[in-house]
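The numbering used here puts the sequence shown at residues 473 to 611.
We put the beta carbon where it would ideally sit given N, CA and C, even for glycine.
Small disclaimer: the values here were computed from a predicted structure and weren't measured.
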Amino acid sequence: MIERYRVDAYFLDIAGGWMNNPQADMHEGMRQLVLGLRARYPQVMPCGEMHYDALLEFIPLYHVGLGRAAGYARAFSHLSHPAPGFGSSGVHESGFSRFTHETLGLAPGIIPTLSVVDDTFTGHQSMMEAVIERAKQGL
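Here it is in structure tokens:
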């Protein structure tokens, strides 16, 4: 898929999911997967959904807040992040939440993220432009 679609990054859903299973070391399996892909495709960035401290060694980007790990990796908003307008996430099971116009849905320490759904381009261009402009300013 990396070669066929020439992707810039790949997403590891539930990367931080872990069980203490002596027959299958989930952490070591994730580590081998990411390091193997990095050796073959060094220009392609791994992105995990959630993290725990040991993952920070080899996954630099997540789409959940990092908390105390913020000095060691970067994050952007989760796919449940509401889009401008009626706040649909478009794809996530949480469905809808309120888009905050005052902050443009942006938060310090999080890479600016803009969710796009069916009416975003047609009904909320000014909000899109505001989010993009704020992102260019570095928040």
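According to DSSP, is residue i part of a helix, a strand, or is it coil?
i, result
"Gly520", "strand"
"Ser598", "helix"
"Tyr482", "strand"
"Gln504", "helix"
"Met498", "helix"
"Ala487", "coil"
"Tyr477", "helix"
Name the DSSP bridge partner or partners of residue i?
i, result
"Leu533", "Cys519 and Arg546"
Under a Cβ-count criterion, where at least 16 other Cβ atoms within 10 Å of its own Cβ denotes burial, should residue i be classed as buried or exposed?
i, result
"Pro556", "buried"
"Phe571", "buried"
"Pro518", "buried"
"Met502", "buried"
Can you list the alpha helix (DSSP H) stretches of 4 or more residues lying completely in the region 535–610, in chain order? 592–595 and 597–608
Report yes or no: do the region 546–565 and the region 586–602 share at least 3 C-beta pairs separated by less than 8 Å? Yes, the region 546–565 touches the region 586–602.
Counting pairs of beta carbons, one from the region 498–515 and one from the region 559–568, are three or more of them closer than 8 Å? no
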